[in-house]
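Here's the structure, in C-alpha cells; my notes come after.
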Amino acid sequence: MLDMNSILKQAQKLQEEMKKVQDTLASITVEGSSGGGMVKVTANCKLEILSIKIDPEVLKEEDQEMIEDLIVAAVNQAIQAAQKRSEEEMKKVTGGMLGNLPGNFNIPGM
Numbered sequence: 369m370l371d372m373n374s375i376l377k378q379a380q381k382l383q384e385e386m387k388k389v390q391d392t393l394a395s396i397t398v399e400g401s402s403g404g405g406m407v408k409v410t411a412n413c414k415l416e417i418l419s420i421k422i423d424p425e426v427l428k429e430e431d432q433e434m435i436e437d438l439i440v441a442a443v444n445q446a447i448q449a450a451q452k453r454s455e456e457e458m459k460k461v462t463g464g465m466l467g468n469l470p471g472n473f474n475i476p477g478m
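Structure follows, in C-alpha cells:
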C-alpha cells in the first residue's frame, strides 16, 4: 500500500530541489556565435539573452540582411546550448525520472 505522506514529502522535496536548480540556471551562462565569432550572444540557462557582441568589421559591411542572419544564428545557438545545459542540470536533481521534458520544463509551480 502506498504511503501518501511519504509520497507528498518526496514530491515537496523534489519541488524544492527543482526550485534550487531554476535559481542555479539563472547564474549559468552559455555563448552562441556565428560568422566565425563575428557575432557572439551570451545567455543564461533561463533563456534570457544577456549580451550581444558584434565585431565592428561586420558593421562595416552594411549588409543588414547578413547582420540579421548572423544575430539570429548566434541567438539560436545560445538557446540550444542553454537548453542542453538546463536538461543536464535537471537530470542531476531528478535522476532522469521525469523523462525528456522540453527545456522550459512546463512543470506546474516551477
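Count along the sequence shown from 1, then add 368; that gives the number in our numbering. Don't be surprised by glycine CBs; every beta carbon is placed ideally from N, CA and C.
For residue i, count neighbouring C-beta atoms within 10 Å of its own C-beta (all shown protein chains included) and say buried if the count is 16 or more, exposed if not.
i	result
A446	buried
M386	buried
L427	exposed
I375	exposed
S454	buried
N472	At N472, the pLDDT of 46 sits below 50, so the modelled position is not reliable; the number obtained from the coordinates is stated separately. So N472 ends up on the exposed side.
L418	exposed
L370	exposed
What residue range is occupied by the uninterrupted beta strand (DSSP E) comprising residue i?
i	result
E455	Not the beta strand (DSSP E): E455 falls in the alpha helix (DSSP H), residues Q432 to T462.
L418	I417 to I422
Hey, out of the options, whose CA is closest to residue i's CA?
i	options	result
L415	A449, P424, I375 and K459	A449
E457	I375, E425, I396 and E429	I396
K452	S419, D371, N412 and E429	N412
K421	D431, A394 and E399	E399
Got a sec, what are the start and stop residues for the alpha helix (DSSP H) residue i sits in?
i	result
K387	M372 to S395
Taking the Cβ atom as the reference point for each residue, do residue i and residue j lie within a distance shorter than 8 angstroms?
i	j	result
V407	A379	no
V461	V409	no
Inset, instruction - Could you tell me whether the region 422–441 touches the region 390–404, using the rule of 3 or more Cβ pairs below 8 angstroms? - result: Yes, they touch.
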